[in-house]
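S.K.: Would you mind keeping the following structure in view while I ask a few things?
In the numbering used here, the protein residues as written are 1 to 230.
Here it is as structure tokens:
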């Protein structure tokens with residue numbers, strides 16, 4: 001059963017609301033017509049604060065449907081524009097947890113590749129730097145855990161390209177568990193991939209305080225095989 005939104009709120013004030021997204025949810029409406037997290041956030045604000053008429057909620061950033069973890073929504077247009085600028089100027093830290101089958105070639109490394117997105121396939125590819133439309137993709141990872149069958153990586157994004165973590169980890173021989181699109185041999189039972197938006201760190205757009213928010217890791221396998229700081 002889907003956990004109620006109010007039980008998944010990681011942070012909330014008059015300007016922002018941060019929610020722990022389930023892997024089955026879409027962040028924003030798409031052609032599937034499925035109920036999206038943005039609509040759920042608007043309904044929550046409307047009902048909780050007894051707001052009349054249309055309620056404002058702006059999506060600060062997205063994560064893919066099969067991915068779980070922290071997503072930020074702005075309660076005002078001013079907060080949205082300020083947060084969007086922080087992301088653009090890289091004043092915003094995003095850390096993920098990824099479960100992979102293969103041990104990475106190094107215990108910690110910075111990956112730098114050029115990528116292009118194939119719109120028709122909704123997939124990104126690692127390409128040469130001279131390829132038309134190629135964009136630089138950079139991340140840092142470190143190995144932080146091992147279970148009987150899998151390895152746990154902490155991944156810090158430096159850039160924010162389409163499917164970046166999925167493509168770059170697959171490129172070093174470490175496709176994410178359940179990610180058929182990028183080379184993992186089997187899907188997860190719930191159609192998720194074992195990638196979780198774990199930690200967000202940024203300066204608050206209004207108060208200027210440093211905000212750090214962590215989304216508890218998913219339960220069940222393979223996540224239960226790892227101990228992670230809360």
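All C-beta atoms in this analysis are idealised placements derived from N, C-alpha and C, irrespective of residue type, glycine included.
Thinking C-beta only, is residue 198 closer than 7 Å to residue 84?
M.R.: Numbered from its first residue, the chain shown carries residue 84 at position 84. Numbered from its first residue, the chain shown carries residue 198 at position 198. In this structure, residue 198 does not lie closer than 7 Å to residue 84 by Cβ.
S.K.: Which whole-angstrom value is the C-beta distance of residue 158 and residue 139, which I expect to be below 8 Å?
M.R.: The count along the chain shown starts at 1 and reaches residue 158 at position 158. The count along the chain shown starts at 1 and reaches residue 139 at position 139. The Cβ separation is near 6 Å, so the contact holds.
S.K.: For residue 74 versus residue 16, is the C-beta distance shorter than 7 Å?
M.R.: To locate residue 74, count along the chain shown from 1; it is residue 74. To locate residue 16, count along the chain shown from 1; it is residue 16. The answer is yes: Cβ separation under 7 Å.
S.K.: Is it buried or exposed, residue 90, if we count other Cβ atoms within 10 angstroms and call 16 or more buried?
M.R.: For the purposes of this step, residue 90 is taken as residue 90 along the chain shown, with counting starting at 1. Counting Cβ neighbours within 10 Å, residue 90 comes out exposed, since fewer than 16 surround it.
S.K.: In whole angstroms, what separates the C-alpha of residue 187 from that of residue 175?
M.R.: Mapped onto the chain shown, residue 187 falls at position 187. Mapped onto the chain shown, residue 175 falls at position 175. When rounded, the distance between both Cα atoms is 12 Å.
S.K.: Thinking just about the alpha-carbon of each residue, which of 222, 61 and 127 is nearest to the one in residue 118?
M.R.: Start at 1 with the first residue of the chain shown, and residue 118 comes out as number 118. Closest option to residue 118, Cα to Cα, is 127.
S.K.: Once you ignore the five residues that flank residue 111 on each side, which residues in its own chain have a CB closer than 6 Å to its CB?
M.R.: What you label residue 111 is simply residue 111 of the chain shown in a count that begins at 1. Closer than 6 Å at Cβ, skipping near neighbours: 139 and 168.
S.K.: Can you list, in chain order, the residues of its chain whose CB lies under 7 Å from that of residue 76, leaving out five sequence neighbours each side?
M.R.: Looking up residue 76 in the chain shown gives position 76. For residue 76, where only same-chain residues beyond five positions count, the Cβ hits under 7 Å are 15 and 56.
S.K.: Closer than 7 Å by C-beta to residue 204: which residues in its own chain qualify, once you throw out the five before and the five after it? Chain order, please.
M.R.: Within the chain shown, residue 204 is the residue found at index 204, counting from 1. So the qualifying residues of the chain are 211.
S.K.: Give the range of the alpha helix (DSSP H) segment to which residue 131 is assigned.
M.R.: Sequence index remark: in the chain shown, residue 131 carries index 131 (1-based). Neither: residue 131 is in no alpha helix (DSSP H) and is coded neither H nor E.
S.K.: From the DSSP output, in three-state form, read off residue 108 for me.
M.R.: The residue you call residue 108 lines up with position 108 of the chain shown. It is a strand residue.
S.K.: Taking Cβ positions only, does residue 111 come closer than 7 Å to chain C?
M.R.: No chain C appears in the structure shown, which is made up of a single protein chain.
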